[in-house]
Amino acid sequence: MTITKALLTTTLSLGLLASAGVSQAASWCESGKPVKFAGLNWESGMLLTEVMQFVLKNGYGCDTDSLPGNSISMENALSSNDIQVFAEEWVGRSEVWNKAAAAGKVVGVGSPVVGAVEGWYVPRYVIEGDAKRKLEAKAPNLKSIADLGQYAQVFKDPEEPDKGRFYNCPAGWTCE
2 MTITKALLTT
12 TLSLGLLASA
22 GVSQAASWCE
32 SGKPVKFAGL
42 NWESGMLLTE
52 VMQFVLKNGY
62 GCDTDSLPGN
72 SISMENALSS
82 NDIQVFAEEW
92 VGRSEVWNKA
102 AAAGKVVGVG
112 SPVVGAVEGW
122 YVPRYVIEGD
132 AKRKLEAKAP
142 NLKSIADLGQ
152 YAQVFKDPEE
162 PDKGRFYNCP
172 AGWTCE
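Sequence positions in the sequence shown follow this note's numbering and run 2 to 177.
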């Protein structure tokens, strides 16, 4: 198990770091400054950050650090060089990122997640019901975002009952 984990870590890291420019990372490390990472709080971002920090520390002798924050604050930190690596970012969705990229302050390198599908999701029982739990289908014809209007009561906002509530992503994330 340990060998498999080490092999996976090395393989992932080499691919990620090769595309990011190992020579630049090595020269940064030789200067004695730690490579600072965005302290991401979602699983895939945390894994990628840990893998890259492991490789830099154990493979290149670099000191690393991470700074916690949300997507927008980390994008600002990257554009001002307060951090050097944002392991997983939803490139192009944020005005902060877009401005920094246009100014040549940040660059997206590689694709850590290929083939992922994005969309809006509701529990299956909302569409189909659940006979075992004696739940009726509340929105049987919900097939697209355009259909939400007919189901406003199903998604009623408790704070503003005349409106529906739509969670598009966690608070503080770029996609909010």
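Glycine included, each C-beta is placed from N, C-alpha and C at the ideal position. Note that the coordinates shown come from a computational prediction; the quantities given were computed from them, not determined experimentally.
Check: Do you know offhand how far glutamine 54's Cα is from isoleucine 84's?; Outcome: 13 angstroms
Check: For alanine 132 and chain D, any beta-carbon pair shorter than 7 angstroms?; Outcome: This model lacks chain D altogether; it includes just one protein chain.
Check: Let me know the secondary structure DSSP gives lysine 133 once reduced to three states.; Outcome: helix
Check: Pull the bridge partners of lysine 157 from the DSSP assignment, please.; Outcome: Gly165
Check: For lysine 148, which of helix, strand or coil comes out of DSSP?; Outcome: The amino acid occupying residue 148 in the given sequence is aspartate; lysine does not appear at that position. Note: aspartate 148 maps to helix in three-state DSSP.
Check: Output yes or no for whether 7 angstroms exceeds the beta carbon distance between leucine 1 and lysine 37.; Outcome: What is shown of the chain runs 2 to 177, which leaves residue 1 out entirely.
Check: So, for tryptophan 29: in the same chain, excluding its five sequence neighbours on each side, which residues have a beta-carbon less than 8 angstroms away from its beta-carbon?; Outcome: Val36, Cys63 and Gln85
Check: How far does the alpha helix (DSSP H) with valine 56 in it reach, from first residue to last?; Outcome: 44-61
Check: Sorted by chain position, which residues of the same chain lie with C-beta nearer than 6 angstroms to serine 80's C-beta, five sequence neighbours on each side aside?; Outcome: Ala101, Lys106 and Val107
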